[in-house]
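Trainee: First the structure, which I've put down as structure tokens, then a few questions once you've had a look.
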Amino acid sequence: MGKVLMKGNEAIGEAAIRAGCLNYFAYPITPQSEIAEYLSRRMPEVGGMFLQGESEVAVSYMIFGATACGSRAFTTSSSPGISLMSEGISYMAAAQCPAVIVNIMRGGPGLGGILPAQADYFQATKGGGHGDYRLIVLAPASIQEAVEMVMTAFPLAEKYRNPVMILGDGMIGQMMEPVEFPDHLKTEPLNNDKWATSGMDTRKSDKNNIIKTLFLESKPLEDLNIFLKAKFDRIRREEVRYESYNTDSDYKTLIVSYGTMSRVCRTVVDNLKEEGIEVGMIRPRTLFPFPGKAIRQAAEKDTCKNVLSVEMSMGQMVEDVQLCVQGKRPVRWYGRCGGDIPTPEEIIDVIKSL
Amino acid sequence: MGKVLMKGNEAIGEAAIRAGCLNYFAYPITPQSEIAEYLSRRMPEVGGMFLQGESEVAVSYMIFGATACGSRAFTTSSSPGISLMSEGISYMAAAQCPAVIVNIMRGGPGLGGILPAQADYFQATKGGGHGDYRLIVLAPASIQEAVEMVMTAFPLAEKYRNPVMILGDGMIGQMMEPVEFPDHLKTEPLNNDKWATSGMDTRKSDKNNIIKTLFLESKPLEDLNIFLKAKFDRIRREEVRYESYNTDSDYKTLIVSYGTMSRVCRTVVDNLKEEGIEVGMIRPRTLFPFPGKAIRQAAEKDTCKNVLSVEMSMGQMVEDVQLCVQGKRPVRWYGRCGGDIPTPEEIIDVIKSL
Amino acid sequence: MAYKYIIDSERCKGCGLCVEVCPKNVLELSDEINAKGYFPVYQAHPENCIFCTTCCIMCPDVAIIITEIIEA
Amino acid sequence: MAYKYIIDSERCKGCGLCVEVCPKNVLELSDEINAKGYFPVYQAHPENCIFCTTCCIMCPDVAIIITEIIEA
Amino acid sequence: MQNEVIFAGFGGQGVLSCGKILAHAAMEKGLEVVWTPSYGPEMRGGTAYCMVIVSDKLIGSPVTRNPHNLVAMNRPSLEKYAPMVKPGGIILINSSIISIGSGRDDVDELMIPVVDIAQNAGSARAANIVALSAFVARSKIIDFDLLRESVKEEFAKKEKLIPINMKAMDEGKKAAEN
Amino acid sequence: MQNEVIFAGFGGQGVLSCGKILAHAAMEKGLEVVWTPSYGPEMRGGTAYCMVIVSDKLIGSPVTRNPHNLVAMNRPSLEKYAPMVKPGGIILINSSIISIGSGRDDVDELMIPVVDIAQNAGSARAANIVALSAFVARSKIIDFDLLRESVKEEFAKKEKLIPINMKAMDEGKKAAEN
Amino acid sequence: MGKTFKKPEALSDKHTHYCPGCTHGIIHRLVAEVIDELGVRGRTVGIAPVGCAVLAHNYFTFDFQESAHGRSPAMATGIKRVRPDLIVFTYQGDGDLASIGIGEIIHSANRGEKFTTIFVNNTVYGMTGGQMAPTTMPNQHTSTSPYGRDVKNTGMPLKMAELLSALETPAYIARETVLKPKYVVKAKKAIKKAFTYQVENKCFSFVEIVSTCPVNWGLTPLESLKWAEDNLLPYYKLGEYKIPE
Amino acid sequence: MGKTFKKPEALSDKHTHYCPGCTHGIIHRLVAEVIDELGVRGRTVGIAPVGCAVLAHNYFTFDFQESAHGRSPAMATGIKRVRPDLIVFTYQGDGDLASIGIGEIIHSANRGEKFTTIFVNNTVYGMTGGQMAPTTMPNQHTSTSPYGRDVKNTGMPLKMAELLSALETPAYIARETVLKPKYVVKAKKAIKKAFTYQVENKCFSFVEIVSTCPVNWGLTPLESLKWAEDNLLPYYKLGEYKIPE
Ligand SMILES: Cc1ncc(C[n+]2csc(CCOP(=O)(O)OP(=O)(O)O)c2C)c(N)n1
Ligand SMILES: Cc1ncc(C[n+]2csc(CCOP(=O)(O)OP(=O)(O)O)c2C)c(N)n1
Ligand code: SF4
Ligand code: SF4
Ligand code: SF4
Ligand code: SF4
Ligand code: SF4
Ligand code: SF4
Ligand SMILES: [Mg+2]
Ligand SMILES: [Mg+2]
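Residue numbers (this note's numbering), protein chains in the order written: chain A, 1 to 354; chain B, 1 to 354; chain C, 1 to 72; chain D, 1 to 72; chain E, 1 to 178; chain F, 1 to 178; chain G, 1 to 245; chain H, 1 to 245.
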């Protein structure tokens with residue numbers, strides 16, 4: 001299959017099928033409804049299942065139930081819908097269900113707007129729900145990458161038995177780009193005889209499996225949390241993904257930016273290079289785990305005088321950048337929100353003024 | 001009225017009445033259900049209103065509706081219930097509704113446990129819901145302080161037209177301490193003719209008021225966000241509250257700790273003093289705004305060699321401590337979770353090992 | 001009693017509901033586009049109008065009003 | 001056919017439901033506390049028992065079972 | 001000086017109100033006091049528990065792993081909490097239903113048949129008051145007369161129970177002083 | 001080289017598919033391309049819009065405030081976007097329903113009665129194809145023959161519309177070359 | 001024997017964003033007329049849903065709140081409980097009320113909250129592009145039921161008026177439509193009755209209105225009226241379902 | 001003419017945490033007996049609610065998931081949609097099912113999800129200390145209706161079996177109780193029927209069981225049975241409400 005021109009939302013739907021996920025539960029919300037529309041057509045063609053749930057709250061528990069019994073399942077939504085899933089996401093993290101959740105972010109807070117935004121960074125990376133947990137958060141910057149990340153997400157979720165979130169934005173969902181689909185994933189879900197409530201008949205042992213998150217005594221609940229923390233620490237060590245751009249140059253400013261925003265920053269780097277100004281960029285591809293070490297090292301480069309976090313939000317990722325730069329260089333934030341994507345020109349002005 | 005011995009939950013209920021808030025909507029959940037039980041008895045006695053909503057989701061919109069029409073209203077819940085309110089809280093922040101929300105935290109994630117915890121720090125301070133917004137977060141360490149904070153919360157919420165969260169834990173809710181109630185607040189809700197949907201008849205002008213959070217165009221949504229950011233920045237400047245303990249001494253270690261946990265740390269400071277070891281402590285009373293400047297200054301003291309964030313969680317506030325200490329001193333975390341409160345002995349061991 | 005029949009052609013979205021329900025077939029859609037890109041309705045046969053307000057009742061956009069002409 | 005009537009007095013919570021429903025008034029609560037702090041039931045009049053299982057059906061704690069005695 | 005006591009037993013044995021009455025009395029004396037319960041559904045059929053901390057200065061930690069004293073109303077509580085008690089503390093055992101001792105020789109162990117005593121005083125339900133009174137009499141954690149006032153207050157709404165409880169107090173005190 | 005064009009008009013005038021056909025053709029040629037729409041309910045009764053960026057290297061920003069070209073199918077779009085077009089770019093105006101010009105003298109302005117031309121070609125619905133063809137013919141942003149293939153592909157499922165659209169393409173091209 | 005007709009005072013003169021021929025506009029006007037006739041504009045608070053009517057606050061001249069998707073009844077409860085003197089109504093679509101917000105409407109109705117709900121049933125999610133709703137008809141094609149709603153898979157369309165009528169708490173429940181002028185007149189009567197019960201502080205009141213969505217049905221406005229009359233009215237029967245006492 | 005009686009295989013031998021005389025225990029046993037009789041233990045997945053039965057997974061010997069408060073029907077939907085071969089049931093209390101989770105149960109029932117719901121109606125929130133539930137009776141005292149449930153303020157108790165029966169989608173809906181041995185026998189028959197419909201992949205099935213909560217009612221177990229018989233059964237009528245076809 002060669003390149004096809006496809007809307008991000010539709011490509012995400014197709015990618016899930018190629019990742020071997022034939023179970024999709026969702027509730028419509030702009031700017032991601034085309035995923036459901038696409039899969040409502042496609043799933044029957046490939047013997048898969050699509051169910052439009054009655055609400056995002058319900059949908060989060062549908063994928064909880066589905067993944068808890070050992071099947072691949074995913075959902076997609078956009079900002080307010082993800083908020084409604086907060087409780088369910090916390091539950092799935094506690095129950096260690098390998099669910100995949102796509103958030104095609106729109107402007108907030110409240111009903112906000114339907115245009116692209118990146119204002120759910122905190123919610124995705126620090127946990128919108130209650131309790132100590134983390135999601136693995138992947139942030140695609142193109143439709144091709146969205147496809148690849150969706151196809152990575154399922155095995156990754158299963159490897160760690162942890163929910164994975166794909167954090168895109170309205171632009172990723174709505175634009176069309178040429179995309180080349182990788183082959184269907186060969187991998188089946190990992191052996192889950194030990195934990196999945198798949199019915200005892202499916203297993204050799206006749207121990208019944210229980211998926212639960214209530215621990216009335218402090219000790220087992222703390223044990224769970226310690227176990228989870230060790231898992232998150234391992235993820236921090238092993239799953240960091242990022243892209244460096246122009247970091248070989250003698251840049252004075254280091255940009256940190258992700259997703260759609262990072263594309264604009266790429267243009268900024270290119271344009272300033274033509275003017276003879278060098279700017280480096282680190283683009284986190286995973287937001288959790290955050291590529292803190294890479295950013296710190298890039299910031300500590302001799303020529304680097306300052307770091308700029310460019311976001312389609314009022315300043316969220318900048319805190320993670322500050323956390324890793326640890327005062328070694330001044331860290332600034334520049335951002336727009338509500339749907340306006342900062343233009344290369346604006347960012348160039350900011351960089352020149354630093 | 002002299003001192004009375006009262007359960008934290010009941011005292012919180014009584015404090016709301018004394019703050020002039022006669023409207024209470026809630027859904028039962030351990031360890032805070034006694035607030036609803038108390039107020040279901042008390043509200044009718046004082047001509048107030050208590051309604052048990054059908055869910056936390058519904059309750060969050062009940063207080064949205066009530067505060068949007070200019071009345072004082074509040075709710076209380078515990079961790080999973082607060083997650084369900086995430087969307088509503090984001091809406092109220094966007095609509096600038098002066099609602100007060102009490103979270104009597106329990107262990108998480110998921111259903112977790114019902115014992116005290118502080119694992120919802122991120123959710124409370126970074127925004128569990130979508131979009132760029134902040135809550136003012138007050139963290140009481142005793143029942144007396146819980147009472148005072150509840151009575152501060154309403155005028156504070158109205159001053160800034162922003163939701164305020166009281167972040168307690170199961171211990172604050174369940175224990176009894178002597179408490180002295182301040183007099184009833186004299187203040188009425190601020191003049192809200194300009195914005196509240198209180199019915200046009202209640203106002204001189206016959207302009208109709210509209211509470212809304214949808215802005216389909218990017219410009220007005222960005223304007224709202226810029227306005228909100230300015231408000232949050234003002235809150236950061238003007239509303240920081242904290243307590244310093246033993247910070248006059250030549251401490252080698254600075255503890256940062258809040259709520260119930262900080263009481264244990266207070267014992268630690270006292271006990272170590274008896275051993276001749278000086279430890280300083282900053283206790284944030286507001287978690288947003290975070291007393292970053294005070295902590296940085298205290299950390300930068302010559303004698304201070306390290307900073308320890310002690311939490312009933314797997315490490316959340318520690319990020320805010322690191323953010324403000326900015327690499328000037330090593331920042332460590334110590335915590336327990338799941339309901340076990342670190343004992344003075346454990347913390348003393350940790351401090352000695354630093 | 002005399003009446004004045006007023007169509008606000010900028011409000012009208014040319015949906016044709018009024019055309020359909022008019023008992024006297026007074027109305028037709030014009031072929032002049034308005035600022036919003038719609039072809040508004042007009043009274044093709046005003047002489048047949050009995051001012052029954054049926055068109056008004058059915059118009060989703062309150063684009064038609066009928067007033068009394070107060071003769072001085 | 002002979003039956004064996006077995007009360008697991010550690011399972012029993014002394015709720016008395018079986019006592020109430022027994023058609024033959026066989027059962028009574030004992031005054032010896034069990035490990036969980038309950039006063040378990042016992043067959044005060046085993047001779048009257050007709051092994052009808054009514055008590056078993058009503059017991060929320062499956063504290064009573066009735067087996068057949070296989071005579072060897 | 002800070003003093004801590006755990007009251008523990010089955011749900012329904014009145015251990016929570018034991019603690020509450022003590023805390024109330026301490027407050028009336030102007031002391032700092034914290035009462036913390038176990039709570040939630042695990043109480044059901046399980047162990048009810050509360051801890052009271054009394055102090056002449058601000059109380060830091062509202063809980064402690066090693067309290068000074070224990071009043072154990074049933075056997076599981078004795079087994080669970082006795083090992084935690086600080087040396088030199090008091091362990092009061094409801095010997096009406098607990099047949100064993102604490103196994104500790106570094107504490108002041110009182111075996112008191114509180115249920116029997118309460119029954120004699122007029123009601124088995126006053127067993128908790130017997131235990132509380134015995135504990136206070138022995139520990140002198142607060143004035144016995146102050147305790148008496150608190151007990152009266154506790155039963156203010158069921159006045160006719162007051163005489164029985166006063167009797168229970170006296171008997172409890174007597175048992176502890178033996 | 002990167003080239004950007006905005007197609008804008010009323011909902012229903014087919015501007016989104018104009019962009020899509022162009023993007024498709026560019027992709028077939030092996031170019032990088034991004035198509036971004038306006039979306040959501042504001043389209044309703046308002047302005048439909050899409051931007052196509054074509055480039056020979058990786059495309060950074062998927063949007064730009066100052067595109068090279070504009071195809072304006074209605075007056076509000078012309079008024080809104082004409083001022084943004086880069087000097088030297090093309091502004092194509094659907095003069096069938098737009099009576100004004102762009103007011104710019106630093107651009108290549110084409111007034112083309114695309115609706116009329118389409119009507120003559122057999123269907124007013126092909127107006128967007130007329131406009132697209134005219135624009136491509138003038139801008140040479142991609143080969144006209146490639147565009148022809150893309151149009152055919154777009155109508156693959158409604159084959160009987162292909163002849164009309166081919167005619168519309170020719171007429172559009174002709175109008176632009178005049 | 002002619003009549004006059006004017007825009008009700010409770011309606012603003014902003015042009016609506018609704019698609020041509022969308023019946024939302026008619027229903028707005030009816031509500032405004034009733035508010036005018038009852039003389040309660042100065043103490044009315046409307047609640048806009050999340051759905052095509054999300055911008056309803058632009059079109060009325062009294063106080064308005066905009067809700068979250070499905071939560072209007074909870075907001076209305078919040079208002080009425082703290083300000084029983086206000087006249088409050090929710091205006092909700094079928095996705096909003098029958099899908100995500102079914103819990104809120106049932107509980108509000110069951111508690112007997114003294115507000116009014118105008119339920120606009122157009123059998124699809126209009127605003128988001130015509131996805132399937134709980135009220136979508138068997139075999140109806142929508143953007144998420146592209147092969148037609150399969151009732152074996154997704155069940156039968158929800159009849160909200162009937163469902164709410166099954167509650168024990170007294171209420172006023174009716175279903176009307178605006179597909180023809182004569183229906184519009186009846187719909188207005190029901191709306192007026194509903195608000196009147198509220199003004200009298202009597203009960204929860206609810207009027208379902210069978211409506212259209214030409215754009216997402218892929219039909220012209222006139223075809224939509226006909227399709228609805230032929231396909232919806234036989235299933236969604238008009239009339240009063242419940243009257244208090 | 002005697003009989004034997006033993007613990008069903010599907011029931012574990014753990015002691016339950018339920019209060020003395022709480023009827024949850026009887027209902028657990030009935031479910032286990034039915035699972036045994038249908039021979040489906042190896043492909044059954046139960047769903048524990050958030051309520052007193054949250055620890056139900058301890059008491060059965062097949063796979064179990066623990067849900068969030070009210071969301072069991074959504075979880076069950078998730079399981080059945082991806083594993084239609086499994087036998088799935090939810091076991092829910094009245095706070096769980098009729099209050100916070102009413103949306104999920106109605107939509108699952110209306111979609112005709114092929115799982116079974118055992119609905120234990122004890123008219124209060126048992127686990128959290130006896131707060132008012134939607135099914136609390138008029139004037140019933142609970143910890144959040146200390147003056148008795150005021151129906152003028154909070155409406156009438158919800159009748160879930162009747163409400164679900166008002167849906168158009170075919171289903172099996174019954175209400176039984178376990179207040180006396182004869183009722184227990186009937187309840188078991190209904191539960192068996194419900195599971196059988198599921199095994200036959202026929203429809204959604206639902207059995208409401210009028211139950212007790214001695215501790216929170218402040219009554220002894222025996223008083224509770226009597227109170228329920230006298231006060232609940234006249235309002236919550238027993239019987240089959242809906243049968244498929
Ligand atoms: C929590 C949440 N979920 C989903 C959406 C997206 N959404 C907006 S409107 C709508 C459906 C509206 O349909 P309906 O209520 O029938 O109203 P209509 O537009 O048909 O009048 C949806 C799903 C949202 N805004 N918020
Ligand atoms: C989101 C959420 N809200 C509230 C709670 C607290 N909670 C736990 S159980 C329960 C009520 C249970 O009542 P019911 O469903 O009737 O079951 P019962 O205990 O009576 O059997 C509540 C409100 C919770 N765990 N999660
Ligand atoms: S008033 Fe009556 S007759 Fe006149 S145009 Fe309208 S519908 Fe026709
Ligand atoms: S009904 Fe109204 S909007 Fe529609 S054509 Fe007639 S006047 Fe115009
Ligand atoms: S088996 Fe029958 S007769 Fe025997 S004790 Fe039980 S209920 Fe009584
Ligand atoms: S019914 Fe069961 S638990 Fe209750 S007393 Fe009888 S044997 Fe014991
Ligand atoms: S999308 Fe449908 S419901 Fe919405 S305005 Fe258009 S026609 Fe009306
Ligand atoms: S609280 Fe009530 S429902 Fe829960 S176990 Fe006890 S008696 Fe049963
Ligand atoms: Mg609709
Ligand atoms: Mg219950």
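Quick reminder that beta carbons are idealized off the backbone N, C-alpha and C, glycines included.
Within the 8 Å Cβ cut-off, does Glu168 (chain H) reach chain G?
Mentor: It does; some Cβ of chain G falls within 8 Å.
Trainee: Any residues in the stretch 32-43 of chain B with a beta carbon nearer than 7 Å to a beta carbon of chain K? Which ones, in chain order?
Mentor: Looking for chain K here will not work: the only protein chains present are A, B, C, D, E, F, G and H.
Trainee: How about Ile255 (chain A) and Val331 (chain A): are their beta carbons less than 8 Å apart?
Mentor: Not a contact, by the Cβ cut-off of 8 Å.
Trainee: When burial is assigned at 16 or more other CB atoms within 10 Å of the CB, is Pro37 (chain F) buried or exposed?
Mentor: Counting Cβ neighbours within 10 Å, Pro37 (chain F) comes out buried, since at least 16 surround it.
Trainee: Check each residue's C-beta against every heavy atom of ligand 8 and list, in chain order, those closer than 6 Å.
Mentor: Listed along the chain, these residues meet the criterion: E:Arg44, H:Tyr18, H:Cys19, H:Cys22, H:His24, H:Cys52, H:Asn122, H:Gly126, H:Met127, H:Cys213, H:Pro214, H:Val215, H:Asn216.
Trainee: Quick one: what's got a C-beta closer than 6 Å to Trp217 (chain G)'s C-beta in the same chain, skipping five residues either side?
Mentor: The answer, listed in chain order, is Ser224.
Trainee: Below 9 Å on C-beta distance, what does Thr36 (chain F) contact in chain A?
Mentor: Per Cβ cutoff of 9 Å: Met171, Gln174, Met175, Met176.
Trainee: Identify the residues that DSSP records as bridge partners of Phe206 (chain H): which are they?
Mentor: According to DSSP, Phe206 (chain H) bridges with H:Thr117, H:Ile173.
Trainee: Under 8 Å, Cβ to Cβ, is there at least one residue of chain B near Arg125 (chain E)?
Mentor: Closer than 8 Å: no.
Trainee: Flag Thr30 (chain B) as yes when its Cβ comes closer than 7 Å to any non-hydrogen atom of ligand 2, and as no otherwise.
Mentor: Thr30 (chain B) Cβ: within cutoff of ligand 2.
Trainee: Please tell me whether Leu38 (chain G) and Phe195 (chain G) are closer than 8 Å, where the distance is taken between their beta carbons.
Mentor: Yes, Cβ-Cβ distance for Leu38 (chain G) and Phe195 (chain G) is below 8 Å.
Trainee: Would you call the stretch 222-238 of chain A in contact with the stretch 150-168 of chain A, where contact means no fewer than 3 C-beta pairs closer than 8 Å?
Mentor: Flag = yes, the stretch 222-238 of chain A and the stretch 150-168 of chain A touch.
Trainee: Helix, strand or coil for Ser257 (chain B), going by three-state DSSP, please let me know.
Mentor: DSSP places Ser257 (chain B) in coil when its eight states are reduced to three.
Trainee: When you measure from the CB of His45 (chain C) to every non-hydrogen atom of ligand 1, does any distance come out below 7 Å?
Mentor: For ligand 1, not one heavy atom lies less than 7 Å from the Cβ of His45 (chain C).
Trainee: Work out the CA separation of Gly131 (chain A) and Ala119 (chain B) for me, nearest whole Å.
Mentor: So the two alpha carbons sit approximately 5 Å from each other.
Trainee: For the stretch 95-116 of chain G, enumerate the residues whose C-beta is nearer than 7 Å to any C-beta of chain B, in chain order.
Mentor: Hits within the stretch, in order: Gly103, Glu104, His107.
Trainee: Taking 8 Å as the threshold (C-beta atoms), are Ile91 (chain F) and Val107 (chain F) in contact?
Mentor: Yes, these two residues count as a Cβ contact at 8 Å.
Trainee: Less than 8 Å between CB atoms is the rule here; does Ile89 (chain B) satisfy it with respect to chain H?
Mentor: Chain H contact via Cβ: absent.
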